[in-house]
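Just below is one structure, and these are the notes that go with it.
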Amino acid sequence: MKKVIISPSILNCDYLHLANEIEKITAAGASWMHFDVMDGHFVPNISIGNLFLEKVAPHTKLVKDVHIMVRDPLKFIEQFAKAGAEYLTFHLETYRSAQKIKETIDLIHSYNMKAGISLKPHTKIEKILPYLDRLDLVLIMSVNPGQGGQLFLPESLIRIAKLKKEINKRQLNILISVDGGINEHTGAKCVESGADVLVVGSYLFKSNDFENDYRKLIK
487 MKKVIISPSI
497 LNCDYLHLAN
507 EIEKITAAGA
517 SWMHFDVMDG
527 HFVPNISIGN
537 LFLEKVAPHT
547 KLVKDVHIMV
557 RDPLKFIEQF
567 AKAGAEYLTF
577 HLETYRSAQK
587 IKETIDLIHS
597 YNMKAGISLK
607 PHTKIEKILP
617 YLDRLDLVLI
627 MSVNPGQGGQ
637 LFLPESLIRI
647 AKLKKEINKR
657 QLNILISVDG
667 GINEHTGAKC
677 VESGADVLVV
687 GSYLFKSNDF
697 ENDYRKLIK
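Mind the numbering: the sequence shown is residues 487 to 705 in the numbering used here, read in order.
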């Protein structure tokens, strides 16, 4: 299997022992850490925000991979930039206007962050194609966003392969990230289909052997 980036999602971690959880991520060999931000409007749940990231960021060298599931991403970009986000990914579905989507990407870049767009499972891959040349990352949701611990949607593999084909055709340098229901088996299939980054939550944080299960993801 090709080299893959693992981005452990702290949505599923033990927040009472967060420092220990970050140490586990680092000791296992991960270089990224995934933050899921939910506003209770775009998705039903509410999770962490920019102030949480601001407190965590100075204490780790892990890449801060931030996925904002919020109704109006433009309002939050400056806050997350100042908090320490390095990759900032918003949802394509938040805006109907192509101009708004481009404006959001450009604003993310203006703060020296990498820009990503995420797609819900039922959003067609074709919808993102007009923006590919502006992006650093595309996040394919392989579950419905807003809650951890869901089962992987197998049709996601076709979506990954389709997107990878288009990226290669245009010779673009864009990472494909996949989030939702990732374990050693679904992760391997995603990488075979073209994924570069695996966002992994429950599989790692509910494991009795974090490091061993992490190694299974990168074999």
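Every residue, glycine too, gets a C-beta built ideally from N, C-alpha and C.
Between which two residues does the alpha helix (DSSP H) holding residue i run?
{"i": "Y573", "result": "It is not in any alpha helix (DSSP H) - Y573 instead sits in the beta strand (DSSP E) that spans 573-577."}
{"i": "I646", "result": "642-656"}
{"i": "L690", "result": "688-691"}
{"i": "R701", "result": "696-704"}
By how many angstroms is the C-alpha of residue j removed from the C-alpha of residue i?
{"i": "Y581", "j": "F566", "result": "19 Å"}
{"i": "R701", "j": "A514", "result": "8 Å"}
{"i": "R662", "j": "P607", "result": "The question names Arg, but residue 662 is Ile in the sequence shown. Spanning the two alpha carbons is a distance of roughly 14 Å."}
{"i": "I563", "j": "D551", "result": "13 Å"}
{"i": "H595", "j": "A601", "result": "6 Å"}
{"i": "N630", "j": "E540", "result": "27 Å"}
{"i": "Y689", "j": "Y597", "result": "33 Å"}
{"i": "E670", "j": "D699", "result": "8 Å"}
{"i": "F538", "j": "Q657", "result": "37 Å"}
{"i": "C676", "j": "A647", "result": "9 Å"}
{"i": "I626", "j": "G535", "result": "22 Å"}
{"i": "D558", "j": "A516", "result": "31 Å"}
{"i": "M524", "j": "P530", "result": "8 Å"}
{"i": "D695", "j": "K588", "result": "42 Å"}
{"i": "A585", "j": "P616", "result": "Looking at the sequence shown, residue 585 is not Ala but Gln. If I take the Cα positions, the gap works out to 11 Å."}
{"i": "V624", "j": "H503", "result": "31 Å"}
How is residue i classed by DSSP in three states: helix, strand or coil?
{"i": "I511", "result": "helix"}
{"i": "I668", "result": "coil"}
{"i": "P616", "result": "helix"}
{"i": "P631", "result": "coil"}
{"i": "V677", "result": "helix"}
{"i": "L623", "result": "strand"}
{"i": "L560", "result": "helix"}
{"i": "L639", "result": "coil"}
{"i": "K610", "result": "coil"}
{"i": "D718", "result": "Examination of residue 718 is not possible in this model, given that the chain is present from 487 through 705 alone."}
Who are residue i's beta bridge partners in DSSP?
{"i": "K600", "result": "Y573"}
{"i": "P494", "result": "V686"}
{"i": "S663", "result": "L625, V683"}
{"i": "I554", "result": "V523, F576"}
{"i": "L605", "result": "I626"}
Inside the stretch 511-552 only - beta strand (DSSP E) runs reaching at least 3 residues: 518-524
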